[in-house]
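Q: The structure that follows is given in the form of structure tokens.
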Amino acid sequence: MVVGAGLAGLAAANALDREGIGYKVIEASNRSSGKVLSDRQNSNYVFELGPQFVNKDMTEMARLIKASNFTFLTRLSGI
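Shown next as structure tokens:
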């Protein structure tokens, strides 16, 4: 049983899946992603709530994001 479909819960489910171990993910809210949320106020503005970055040394995080077919947006610090 994996409690929560946030980044940690999904990473745990991914690790169990790779090992061929059965699991069930339960989530209290009506969406996955935990604290990661894009709040679209209107068609012109998107406000990112929750985690804001993935550092270059976060290789496991980067692997999970790429495996999920999410898109990285690269921004330079201070811009």
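Under this note's numbering, the letters of the sequence shown match residues 1183 to 1261, in that order.
Every residue gets a Cβ at the ideal spot worked out from N, C-alpha and C, and that includes glycine.
This one's a predicted model, so the numbers in the text were calculated from it and none came from an experiment.
Beta strand (DSSP E) containing Glu-1230: first to last residue?
A: 1227 to 1231
Q: Cβ atoms of Ala-1187 and Gly-1216: under 8 Å apart, would you say?
A: Judged by beta-carbon spacing, Ala-1187 lies within the 8 Å limit of Gly-1216, meaning their Cβ atoms are closer than that value.
Q: What's the C-alpha gap between Phe-1229 and Ile-1203?
A: In a straight line, the C-alpha of Phe-1229 is about 37 Å away from that of Ile-1203.
Q: Does DSSP classify Asp-1239 as helix, strand or coil?
A: coil
Q: Please name the residue, chosen from Asn-1251, Leu-1255 and Arg-1222, that lies closest to Phe-1235 on a Cα-to-Cα basis.
A: Leu-1255
Q: Pick helix, strand or coil for Leu-1255, following the three-state DSSP scheme.
A: coil
Q: Going by DSSP in three states, Ile-1247 sits in which element: helix, strand or coil?
A: helix
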